[in-house]
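Visitor: Questions regarding the structure given below will be posed in turn.
Protein chains: 2
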Amino acid sequence: MRIGELSERTGTPRRLLRYYEEQGLIVADRLPNGYRDYDERFVDRVLQIRGLLDAGLPTRIIKQILPCLDKPRVIHFQDATPEMLATLEDQLERMTARVECLSRNRDAIAEYLEAVRATRAPQA
Amino acid sequence: MRIGELSERTGTPRRLLRYYEEQGLIVADRLPNGYRDYDERFVDRVLQIRGLLDAGLPTRIIKQILPCLDKPRVIHFQDATPEMLATLEDQLERMTARVECLSRNRDAIAEYLEAVRATRAPQA
DNA sequence: TCGAACCCTCACATTGATGTGAAGGTCAAA
DNA sequence: TTTGACCTTCACATCAATGTGAGGGTTCGA
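The following block contains the structure:
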């Protein structure tokens with residue numbers, strides 16, 4: 001598929017698909033006329049990228065962790081340098097911290113909404 | 001405490017403490033000489049703000065949800081307009097999505113690290 | 001009373017993720 | 001063959017979070 005379809009199917013501006021490529025997050029094939037050519041797998045890939053970006057990870061980090069998350073659980077040994085592993089451990093920690101922070105605050109919001117509803121519903 | 005101590009205790013540059021104030025996330029008292037004056041509660045507050053920022057929430061949103069998260073679970077009725085509640089519901093959803101995305105990817109990284117270790121340890 | 005270590009405001013710079021548009025090539029259908 | 005809807009690259013603009021520093025006041029101890 002070309003960039004327009006991928007854009008529609010992922011809800012991502014073309015501009016950003018090109019940006020993610022520029023940042024090395026995705027690598028598109030090229031048709032003979034120079035157009036980018038994507039296969040189905042890019043849909044999930046792009047959604048994953050967007051999710052991670054939305055959760056606060058910078059493209060630099062996403063680029064590092066993406067190769068470890070490919071469907072066929074292949075260990076890319078060439079990537080598994082000590083520095084790489086250290087980076088992953090570090091990100092693992094940071095992501096866990098994020099999850100905890102988000103969960104805690106999300107629960108607090110949920111509680112708040114519950115409380116608000118509790119003071120309203122009885123009057124109905 | 002003054003800004004320097006709050007900065008040290010939260011690991012946050014003074015610049016940012018002033019920025020958070022400018023964005024309406026915190027409101028500092030002032031000493032007679034114009035210096036900002038913070039009490040203990042600001043330490044947790046600032047750490048919470050940093051956590052949420054790190055998790056991808058913009059100050060605009062943080063400002064909206066912070067009042068609902070105060071320790072004494074007080075419902076701020078003046079805030080509880082229908083729009084406000086809708087915003088909170090929306091953020092609740094978005095935060096849940098973020099948590100799911102982060103958890104999923106974090107688990108995948110953990111699995112990857114496990115797998116790498118599994119192929120190494122046996123040779124030791 | 002001087003210097004160090006604080007604090008203030010103001011303002012410009014940078015970075016990463018985006019928006020927007022210009023200038024131009026490709027292709028299919030009328 | 002022309003029009004419209006695609007695509008390309010390039011470049012400048014914006015926004016939020018953050019860095020940095022100038023220019024200046026306060027406080028305290030040597």
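Here the protein sequences come in this chain order: A and B. Following UniProt numbering from start to finish, the first sequence increments by one per residue and tops out at 124. Following UniProt numbering from start to finish, the second sequence increments by one per residue and tops out at 124. Ideal placement from N, C-alpha and C gives every residue a C-beta, glycine not left out.
Within the 8 Å Cβ cut-off, does residue 92/B reach chain A?
Guide: Taking the first residue of the second sequence as position 1, residue 92/B is located at position 92. Output row for residue 92/B: interface = yes.
Visitor: For the alpha helix (DSSP H) that contains residue 80/B, what are its first and last residues?
Guide: In the second sequence, residue 80/B corresponds to position 80, counting from 1. Run containing residue 80/B: none; DSSP gives neither H nor E here.
Visitor: From 33/A, 15/A, 115/A, 32/A, pick the residue whose C-alpha is nearest to that of residue 46/A; which is it?
Guide: Mapped onto the first sequence, residue 46/A falls at position 46. The option with the nearest alpha carbon to residue 46/A is 15/A.
Visitor: Indicate whether at least one CB of chain B lies closer than 8 Å to the CB of residue 13/A.
Guide: The residue labelled residue 13/A in the question sits at position 13 within the first sequence. It does not: the Cβ of residue 13/A has no partner Cβ on chain B nearer than 8 Å.
Visitor: With a cut-off of 8 Å, do at least 3 Cβ pairs link the region 31–50 of chain A to the region 28–45 of chain B?
Guide: Too few Cβ pairs lie closer than 8 Å, so no.
Visitor: Could you compute how far the alpha carbon of residue 18/A sits from the alpha carbon of residue 32/A?
Guide: Against the first sequence, residue 18/A aligns to sequence position 18. Against the first sequence, residue 32/A aligns to sequence position 32. The alpha-carbon atoms of residue 18/A and residue 32/A are separated by roughly 18 Å.
Visitor: Taking a contact to mean a Cβ-Cβ separation below 8 Å, would you say residue 88/B touches residue 113/A in this structure?
Guide: On the second sequence, residue 88/B is found 88 positions in, with the first residue counted as 1. On the first sequence, residue 113/A is found 113 positions in, with the first residue counted as 1. Contact: yes.
Visitor: Leaving aside the five residues before and after residue 63/B along the sequence, list all residues of the same chain whose C-beta is less than 7 Å from its C-beta, in chain order.
Guide: Numbered from 1 along the second sequence, position 63 holds the residue referred to as residue 63/B. The residues are 23, 24, 25.
Visitor: Roughly how many angstroms lie between the CA atoms of residue 98/B and residue 60/A, to the nearest whole one?
Guide: Residue 98/B sits at position 98 when you count from the first residue of the second sequence. Residue 60/A sits at position 60 when you count from the first residue of the first sequence. For residue 98/B and residue 60/A, the distance between alpha carbons rounds to 19 Å.
Visitor: Over what stretch of residues does the alpha helix (DSSP H) that includes residue 48/B continue unbroken?
Guide: Here the question's residue 48/B lines up with position 48 in the second sequence. Note, residue 48/B: alpha helix (DSSP H), 41–54.
Visitor: Specify the secondary structure class of residue 104/A as computed by DSSP and reduced to three states.
Guide: The residue you call residue 104/A lines up with position 104 of the first sequence. Helix at residue 104/A.
Visitor: Is it buried or exposed for residue 2/B, if we count other Cβ within 10 angstroms and need 16 for buried?
Guide: Within the second sequence, numbered from 1, the residue matching residue 2/B stands at position 2. Label assigned to residue 2/B: exposed.
Visitor: Would you check if the distance between the CB atom of residue 91/A and the CB atom of residue 109/A is smaller than 8 Å?
Guide: The residue labelled residue 91/A in the question sits at position 91 within the first sequence. The residue labelled residue 109/A in the question sits at position 109 within the first sequence. Going by C-beta atoms, residue 91/A is not nearer than 8 Å to residue 109/A.
Visitor: Kindly give me the distance between the Cβ atoms of residue 95/B and residue 6/A, rounded to whole angstroms, as I take these residues to be in contact under 8 Å.
Guide: Residue numbering aside, residue 95/B sits at position 95 when the second sequence is read from its first letter. Residue numbering aside, residue 6/A sits at position 6 when the first sequence is read from its first letter. Residue 95/B to residue 6/A, Cβ: 27 Å. No contact.
Visitor: Going along chain B in order, which residues have a C-beta closer than 7 Å to the C-beta of residue 1/A?
Guide: On the first sequence, position 1 is the one that residue 1/A refers to. Ordered by position in chain B, no residue passes the 7 Å Cβ test against residue 1/A, which lies about 24 Å from the chain.
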